[in-house]
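Each number in my numbering comes from the position in the sequence shown (counting from 1) with 23 added on. Beta carbons are placed, not taken as given, at the ideal position from N, Cα and C, and that holds for glycine. Please read these numbers as outputs of a predicted model, since none were measured by experiment. Have a look at the structure below before the remarks.
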Amino acid sequence: MMDNNPSSFTQWAHSAIARNQESIPCPECGASQVEEMNCWEQLGAIIAWEYQDPALMAVHFLTVACYNLQHPAQFTDEALAGLRADLIAHLDEGLTVQEIRRRAAQHYNGPRRVLKKEAERRPLLRHWSMTIADVYLPERPQGAAERVKAWAAAIRNELR
Ligand SMILES: [Zn+2]
């Protein structure tokens, strides 16, 4: 889904920042930009931290699931329902990430669409008690795994 190479991400993020100096809240999750980084750029920064933080790497599934659930416009309704069900099964029933990946590989083994076409995406603002801006604290990678878990728990509650 995204390039996991932190150095190419950093280059890309810097050019993205140069292009967009305005601090506009996210049209989907309502998060503020952090140091002029939008949600997608903050996600890239958190993923870059994973290389130095095994505890954060261990919750990679949660990080991506939380990001996707708070930015749903790009996904088909079916993909979104699957994402929601996976997060709930993982948190409530301990369904492993390995099992989630195995099922997804089976399910999406074909021409099934996960992403909506750009023209069909309709971002809708929804307010959440925690967003990625509460997880991505610049220069504070310490404790990021715990922040991701709190983020996932908050989203889990608000999905009820
Ligand atoms: Zn957002």
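Nonlocal neighbours in the same chain, by C-beta distance under 6 Å from residue i, ignoring five residues either side
i, result
"residue 112", "118"
"residue 120", "84"
"residue 102", "137"
Beta bridge counterpart(s) of residue i as assigned by DSSP
i, result
"residue 60", "57"
"residue 98", "138"
Residue i and residue j closer than 8 Å at C-beta
i, j, result
"residue 175", "residue 85", "yes"
"residue 58", "residue 148", "no"
"residue 123", "residue 151", "no"
"residue 88", "residue 110", "yes"
"residue 138", "residue 97", "yes"
"residue 158", "residue 170", "yes"
"residue 167", "residue 69", "yes"
"residue 164", "residue 76", "yes"
"residue 91", "residue 106", "yes"
Residue-level contact to chain D via CB, residue i, 8 Å cutoff
i, result
"residue 91", "No chain D is part of this structure, which consists of one protein chain only."
Sequence-distant residues of its chain with Cβ nearer than 8 Å to residue i (five each side left out)
i, result
"residue 80", "73, 74"
"residue 131", "137"
"residue 46", "55, 56, 59"
"residue 182", "92, 107, 110, 111"
Same chain, Cβ closer than 7 Å to residue i, neighbours up to 5 away in sequence not counted
i, result
"residue 48", "54, 55"
"residue 156", "54, 55, 57, 65"
"residue 78", "168"
"residue 82", "168, 171, 172"
"residue 161", "57, 58"
Helix, strand or coil at residue i [DSSP, three-state]
i, result
"residue 75", "helix"
"residue 165", "coil"
"residue 89", "helix"
"residue 47", "coil"
"residue 149", "coil"
"residue 160", "coil"
"residue 183", "coil"
"residue 170", "helix"
Distance cut-off 7 Å: residue i Cβ against heavy atoms of ligand 3
i, result
"residue 165", "As for ligand 3, it is missing from this structure, which binds only ligand 1."
TODO: Counting only runs of 4+ residues fully inside the segment 114-138, write out the alpha helix (DSSP H) ranges in chain order.
DONE: 120-130
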